[in-house]
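Engineer:
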Amino acid sequence: MKAPLVLFVLFGPLTFGAAPARPAQESATVDLPVVISRQQIEADWLRQAELQRLPELQRLPKRSGKIGPQEDAAGGCDGIKDGKDVGYYGFHTNREMNPWWQVDLGTEMPLARVVIYNGNTPEDAKRALRLTVLLSSDAIQWIEVYRHNGQMFRGPKQPLTVELPPSKARYVR
Numbered sequence: 001m002k003a004p005l006v007l008f009v010l011f012g013p014l015t016f017g018a019a020p021a022r023p024a025q026e027s028a029t030v031d032l033p034v035v036i037s038r039q040q041i042e043a044d045w046l047r048q049a050e051l052q053r054l055p056e057l058q059r060l061p062k063r064s065g066k067i068g069p070q071e072d073a074a075g076g077c078d079g080i081k082d083g084k085d086v087g088y089y090g091f092h093t094n095r096e097m098n099p100w101w102q103v104d105l106g107t108e109m110p111l112a113r114v115v116i117y118n119g120n121t122p123e124d125a126k127r128a129l130r131l132t133v134l135l136s137s138d139a140i141q142w143i144e145v146y147r148h149n150g151q152m153f154r155g156p157k158q159p160l161t162v163e164l165p166p167s168k169a170r171y172v173r
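Quick note on the UniProt record's numbering: the sequence shown kicks off at 1 and runs consecutively.
(1) Of all the options Asn98, Tyr146, Ala125, which has the alpha carbon lying nearest to the alpha carbon of valine 114?
(2) For the alpha helix (DSSP H) that aspartate 124 lies in, which residues bound it at each end?
(3) Please report how far the alpha carbon of arginine 127 lies from the alpha carbon of glutamine 141, in whole angstroms.
(4) Please classify alanine 128: does DSSP put it in a helix, a strand, or coil?
(5) Between leucine 131 and the rest of its own chain, which residues show a CB-CB distance below 6 Å, the 5 nearest in sequence each way excluded?
(6) Taking all protein chains shown into account, decide if serine 37 is buried (16 or more other Cβ within 10 angstroms of its Cβ) or exposed.
(7) Along the beta strand (DSSP E) that carries methionine 109, what are the first and last residues, could you check?
(8) With distance defined between alpha-carbon atoms, name the residue in Pro110, Met97, Arg154 nearest to glutamate 123.
(9) Could you pull out every residue in the same chain whose Cβ sits closer than 6 Å to the Cβ of lysine 168, ignoring the five residues on either side in sequence?
(10) If you follow the beta strand (DSSP E) that alanine 169 is part of, which residue opens it and which one closes it?
(11) Measuring alpha carbon to alpha carbon, tell me which of Thr161, Thr121, Ser136 ends up nearest tyrosine 171.
(12) How is the beta strand (DSSP E) around glutamate 96 delimited, first residue to last?
(13) Using the beta-carbon count (16 or more within 10 Å), is glycine 106 buried or exposed?
(14) Got a sec? Which residues, its chain only, sit under 7 Å from alanine 159 by beta carbon, not counting five neighbours each side?
(15) Pick out whichever of Pro165, Ala139, Arg173, Met97 has its Cα sitting closest to the Cα of glutamine 39.
(16) By the three-class DSSP mapping on this structure, what secondary structure does glutamine 40 have?
Right under this line is the structure:
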């Protein structure tokens, strides 16, 4: 039997919706899996497109350059944990509500943990206070296996390590 895969996810600034903070000592695990359907994800994409047309969002700085989402997201799994030496974050999202990043592992395989590296500054790091980890075998039905408790983690020396229950997946979001 093959050893479980350990997935390292690197990311910079992410923006998450505001939510009341939970005490740091509260457990970060979810008792029941949350299934997220393809229809919910598509509805989320449509809602994000709607929100991008709001005047207050039009005033936000725009990203320069011609890099596309695929090239940008690839930086999330290239092994670089600290962007200071290369001049960029592993990847980042726009300043949207509930952004997400996804990796296709190519085939369904056992997963033992997900290690997530965040931006170095407190301003960047606070954007990941409410992140979730979702797994899927088909990119249609998603199961939430982790919801972060709001405790800040940042930089290459303080990654968030999510130990997974016995899990198999092809896609990690």
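For each residue, glycine too, the CB sits at the ideal point set by N, CA and C.
Structural biologist: In short:
(1) Position 114 of the sequence shown, counted from the first residue, corresponds to residue 114. Measuring from the Cα of valine 114, the nearest candidate turns out to be Tyr146.
(2) By 1-based counting over the sequence shown, the position of residue 124 is 124. 122-125 is the extent of the alpha helix (DSSP H) around aspartate 124.
(3) If you number the sequence shown from 1, residue 127 lands on position 127. If you number the sequence shown from 1, residue 141 lands on position 141. Cα to Cα, the separation comes out at about 26 Å.
(4) The residue labelled residue 128 in the question sits at position 128 within the sequence shown. Alanine 128: helix per DSSP, three-state reduction.
(5) Walking along the sequence shown from the start, residue 131 turns up at place 131. Taken in chain order, the residues that qualify are His148.
(6) Position 37 of the sequence shown, counted from the start, is the residue given in the question as residue 37. So serine 37 ends up on the exposed side.
(7) Working through the sequence shown from its first residue, we reach residue 109 at position 109. Unbroken beta strand (DSSP E) run through methionine 109: 103-117.
(8) Here the question's residue 123 lines up with position 123 in the sequence shown. Minimum Cα distance to glutamate 123 is reached at Arg154.
(9) One-based indexing of the sequence shown puts residue 168 at position 168. So the qualifying residues of the chain are Glu108, Pro110.
(10) Within the sequence shown, residue 169 is the residue found at index 169, counting from 1. First-last of the beta strand (DSSP E) with alanine 169: 160-172.
(11) Taking the first residue of the sequence shown as position 1, residue 171 is located at position 171. Among Thr161, Thr121, Ser136, the Cα nearest to that of tyrosine 171 is on Ser136.
(12) Counting from one through the sequence shown, the residue named residue 96 turns up at place 96. Element bounds for glutamate 96: n/a, residue is neither H nor E.
(13) Here the question's residue 106 lines up with position 106 in the sequence shown. Exposed, because fewer than 16 other Cβ atoms sit within 10 Å of the Cβ of glycine 106.
(14) Walking along the sequence shown from the start, residue 159 turns up at place 159. Sequence check: residue 159 is proline here, not alanine. Correct list, in chain order: Val115, Ile116, Tyr117, Phe153.
(15) Counted from its first residue, the sequence shown places residue 39 at position 39. Taking only the C-alpha atoms, the option nearest glutamine 39 is Ala139.
(16) The residue given as residue 40 occupies position 40 in the sequence shown. Looking at glutamine 40 - three-state DSSP - the assignment turns out to be helix.
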